[in-house]
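Line by line, the protein sequences are chains H and Z. Per this note's numbering, the very first residue in the first sequence carries number 1; after that it's consecutive. Per this note's numbering, the very first residue in the second sequence carries number 1001; after that it's consecutive. Just so you know, even glycine gets a beta-carbon here, dropped at the ideal spot from N, CA and C.
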Amino acid sequence: GAGVSQTPSNKVTEKGKYVELRCDPISGHTALYWYRQSLGQGPEFLIYFQGTGAADDSGLPNDRFFAVRPEGSVSTLKIQRTERGDSAVYLCASSQGGSGANVLTFGAGSRLTVL
Amino acid sequence: TQLLEQSPQFLSIQEGENLTVYCNSSSVFSSLQWYRQEPGEGPVLLVTVVTGGEVKKLKRLTFQFGDARKDSSLHITAAQPGDTGLYLCADRPSGSQGNLIFGKGTKLSVKP
């Protein structure tokens, strides 16, 4: 597509529930990133995919968070047993490989609210 | 762990005024980037600077990179309401495969 698409744009859930957030990157972009942005903060890195594999998952806060990218395009961020502290905007970004790897294009984000 | 400090945290000015915002790093930048983020949107890349002392201009925006590559400034001339947003600086740490470290940003409001 023309840009990075994220769904849903807003998600309200209850504490303890399971949530999936989807990211559709720019067609042909091999790298995909997930970030989390809390109120009043800059984006915080979660995980980075190169193709289908997670090249760096050092930013995932704990084992309740998991992400997949099975065909090297769409990615899903999964959060189990949600907690109120998980409330944030989850941003996805994609980039080309090689010399274009430094130029990230972000989606508009998925705002997660855990009640 | 590298820390990026941005100042001021908030800035509210009138249309037509000039302003400067700052980004300081606890360690030397590898590849400094400036982004602007509007409400409800993701950050949009404005510029990448890599060379100490480098100055880049983007219309009314002037980006300066310190000689020691540990600080940067963004100057806006004759600010317009369309400049309103969150200005973020970011670095890609050396040795990282892809992730960026962001500062907390400067929230700019330009009133007509």
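Interface partners of residue i on chain Z, CB under 9 Å
i, result
"H/F106", "Y1035, Q1037, E1041, G1042, P1043, V1044, L1045"
Residue i - DSSP class collapsed to helix/strand/coil
i, result
"H/R84", "helix"
"Z/G1085", "strand"
"Z/N1018", "coil"
Range covered by the beta strand (DSSP E) that runs through residue i
i, result
"H/V12", "10–13"
"H/I79", "75–79"
"Z/K1056", "1055–1058"
"Z/F1029", "First-last for Z/F1029: undefined, no H or E at that position."
"H/I47", "44–50"
"Z/S1109", "1106–1111"
Under 8 Å between C-beta atoms of residue i and residue j
i, j, result
"Z/S1072", "Z/V1055", "no"
"Z/N1024", "Z/E1005", "yes"
"Z/V1110", "Z/E1041", "no"
"H/L112", "H/K15", "no"
"Z/K1107", "Z/F1029", "no"
"H/V114", "H/R84", "yes"
"Z/F1065", "Z/G1052", "yes"
"H/V4", "H/T76", "no"
Contact list for residue i against chain H, beta-carbon separation under 8 Å
i, result
"Z/L1088", "G42, P43"
Listed by chain order, chain Z residues near residue i by CB distance under 7 Å
i, result
"H/V103", "L1045"
"H/L91", "G1042"
Under 9 Å from the C-beta of residue i: neighbouring residues of chain H
i, result
"Z/N1099", "Y33, Y35, F45, L46, I47, Y48, D56, S58, G59"
Cross-chain neighbours of residue i in chain H, by beta carbon under 7 Å
i, result
"Z/G1085", "Those do not exist, as Z/G1085 stays about 13 Å from chain H at its closest Cβ, beyond 7 Å."
"Z/T1048", "N102"
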